[in-house]
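Going by the working numbering, the residue at position 224 of the sequence shown is 209; the numbering climbs one at a time, nothing skipped. The C-beta atom is built at its ideal place from N, Cα and C for all residues, glycine as well. Note that this is a predicted model, so its numbers are computed, not measured. Here is the structure we will look at.
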Amino acid sequence: MNFFPRALENQWICKSLNFVSMKKMKALVKARPEKGLWMQEVPVPEPGLNDVIIKVGKSAICGTDLHIYEWDAWSQKTIHTPMVIGHEYMGYIEKMGAGVTNLKIGERVTGEGHLACGHCRNCRRGKEHVCENTVGIGVHIDGSFAEYLKIPAKNVIPLDPRIPDEWAAIMDPFGNATHTALSFPLIGEDVLITGSGLIGSMAIAIAKFAGARFIVASDLSDSRLEIAKKMGATLTVNPSKGEKISDAVKKLGMRGFDIGLEMSGSPKAFVEMLSNMYNGSSISLLGILPSNFEVPWSDIIFKAITLKGIYGREMWETWYKMEQMIIGGIDLNPVITHRFPIDDFTVSLSMIFRRVLMSWRKAIVEKSS
Ligand code: ZN
């Protein structure tokens, strides 16, 4: 997840409005500017006029959380400690501000993790997902690795009873996958997905659900490619074992891919994708590619390829699409590989992070009550 630099300016405004009570709760806090995370007692947030307080039921760990744990260059630039992190969750509405009229106490919900300003040029023209003042929950303001979370009522997503709790907790990354995969029509198309981590795997299921013909997924990890097959990949390619995407193209009798979903952030994967795209094809870019590497522009120009950068989820179209795919029978179960009670999480934090880092799979953290 990357954030627009302007978002940083808003943090202090948000913090100054963060009225708190004396009641305490447990929270995973980036307490200090160094590697690590600490379970601490922090004040339970109180809602402002248009806010809700959500009692968190289940949380999921995102790659962003791992970056913050590791305290890498991005985190050092972005995070102001102390900060409660986390932004993938589901829970129940515990409390609401007096101005909230469209929600109910006890309602089962999740939430959009990007807060749009509502007044910039993009917000005013209905493009809140590219708001120039985006603030990230668990990045710029306190997040969901806590017993209670405060968010604006506008960002609350009430959950259809047919959406299981565990899937509700991963709707944030499922939304990234949905936004990326459904950026171009998929019915009858041949789709290449480079990078089959959590989001790539979910994109496979979405492409299949949306009627793609062949779906080829690449990754350097065989265990991730096993999940890719369960999610509906026609063929998988592991370049670390000398396998080539071009061989998959030949095997399936194609001329090239109509749609590319770049989820790996790997220049090698992107270059191989470009060389295997069909004339007039389209590519969505979600993986964060490095700023400086040699791009074969002639492939893009002479094949007339359309490129689209993807940021977050469209507000709120992506959420409606996700809800309908889940109700319509898409299966996300294979991507959830580990489940921990929150108290075990504190004991084995470093182990969990190492495991999740290596496998790029999703761990669901359940709050023991
Ligand atoms: Zn805005």
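Tell me whether residue i counts as near the ligand ZN, meaning its Cβ is closer than 7 Å to at least one heavy atom of that ligand.
i: Gly103; result: yes
i: Glu117; result: yes
i: Cys108; result: yes
Measure the Cβ-Cβ separation of residue i and residue j and say whether it is below 8 Å.
i: Lys288; j: Ser269; result: no
i: Ala197; j: Gly185; result: no
i: Ile70; j: Ile39; result: no
i: Glu97; j: Met307; result: no
i: Pro30; j: Lys135; result: yes
i: Ala188; j: Ile178; result: yes
i: Lys15; j: Met68; result: yes
i: Lys43; j: Asp150; result: yes
i: Ser138; j: Leu171; result: Inspection of the sequence shows that residue 138 is occupied by Ala rather than by Ser. No, Cβ-Cβ distance for Ala138 and Leu171 is not below 8 Å.
i: Asp404; j: Met258; result: This structure does not reach residue 404, given that the chain is present from -14 up to 354, and the question cannot be answered.
i: His65; j: Gly121; result: no
i: Ile285; j: Trp152; result: no
i: Met75; j: Leu144; result: yes
Run through the DSSP bridge pairs and tell me what residue i is partnered with.
i: Glu299; result: For Glu299, which the question treats as bridged, DSSP gives no partner whatsoever.
i: Phe169; result: Answer is none; Phe169 lacks a bridge partner.
i: Lys215; result: Paired residues: none, contrary to the question.
i: Thr66; result: Answer is none; Thr66 lacks a bridge partner.
i: Pro137; result: Asp36
i: Val370; result: No answer is possible for residue 370: the residues shown for the chain start at -14 and end at 354.
i: Phe278; result: Bridge partners of Phe278: none, in fact.
i: Ser269; result: Leu246, Lys293
i: Pro143; result: Val94
i: Ile126; result: Ile122
i: Met258; result: DSSP, once it has assigned bridges, lists no residue as partnering Met258.
i: Ala131; result: Ala12
Comparing alpha-carbon positions, which option in the options lies nearest residue i?
i: Tyr305; options: Ile142, Gly272, Phe194, Ala188; result: Ile142
i: Val27; options: His104, Glu132, Ile78; result: Glu132
i: Asn277; options: Gly250, Trp301, Ile290; result: Gly250
i: Asn107; options: Cys116, Leu171, Leu100; result: Cys116
i: Lys214; options: Ile200, Arg17, Val176, Thr86; result: Ile200
i: Gly297; options: Gly160, Met81, Lys15; result: Gly160
i: Asp127; options: His99, His104, Pro149; result: His99
i: Lys235; options: Met262, Ile122, Gln25; result: Met262
i: Val124; options: Ala45, Gly238, Ile53; result: Ile53
i: Arg93; options: Asp232, Val37, Pro170, Thr322; result: Val37
i: Ile295; options: Leu274, Gly314, Ala195, Ala153; result: Leu274
i: Pro281; options: Arg110, Met310, Ser260, Lys229; result: Ser260
i: Gln309; options: Glu228, Pro252, Cys105, Arg147; result: Arg147
i: Leu183; options: Ser168, Leu88, Ile155; result: Ile155
i: Asp316; options: Asp232, Gly217, Arg17, Pro252; result: Gly217
i: Trp59; options: Gly33, Pro18, Val41, Val85; result: Pro18
i: Lys293; options: Thr322, Val256, Lys253, Leu246; result: Leu246
i: Arg209; options: Tyr74, Ser181, His323; result: Ser181
i: Asn35; options: Lys80, Asp145, Thr95; result: Lys80
i: Phe169; options: Thr291, Lys62, Gly227; result: Thr291
What three-state label does DSSP hand residue i in the structure shown?
i: Met343; result: At Met343 the pLDDT is 29, less than 50, meaning the model places this residue with poor confidence; the figure from the coordinates comes in the next sentence. Met343: helix per DSSP, three-state reduction.
i: Ala162; result: helix
i: Met7; result: strand
i: Arg209; result: helix
i: Ala190; result: helix
i: Leu292; result: strand
i: Ala12; result: strand
i: His99; result: strand
i: Asp50; result: helix
i: Met307; result: helix
i: Arg240; result: coil
i: His114; result: helix
i: Met156; result: helix
i: Arg324; result: strand
i: Gly121; result: strand
i: Trp23; result: strand
i: Asp57; result: coil
i: Val85; result: coil
i: Met252; result: Residue identity differs from the one stated: residue 252 is Pro in this sequence, not Met. Residue state, collapsed to three classes: helix.
i: Ala233; result: helix
i: Pro28; result: strand
i: Ser333; result: Caution is warranted here: a pLDDT of 40 is assigned to Ser333, below 50, making its placement in the model unreliable, and the coordinate value is therefore given only provisionally. Three-state result, Ser333: coil.
i: Ile148; result: coil
i: Asn107; result: helix
i: Asn318; result: helix
i: Trp174; result: What sits at residue 174 in the sequence shown is Glu, not Trp. Three-state result, Glu174: coil.
i: Ala195; result: coil
At a threshold of 7 Å, does residue i count as lining the ligand PLP (C-beta to nearest heavy atom)?
i: Phe130; result: No copy of the ligand PLP appears in this structure; the ligands present are the ligand ZN.
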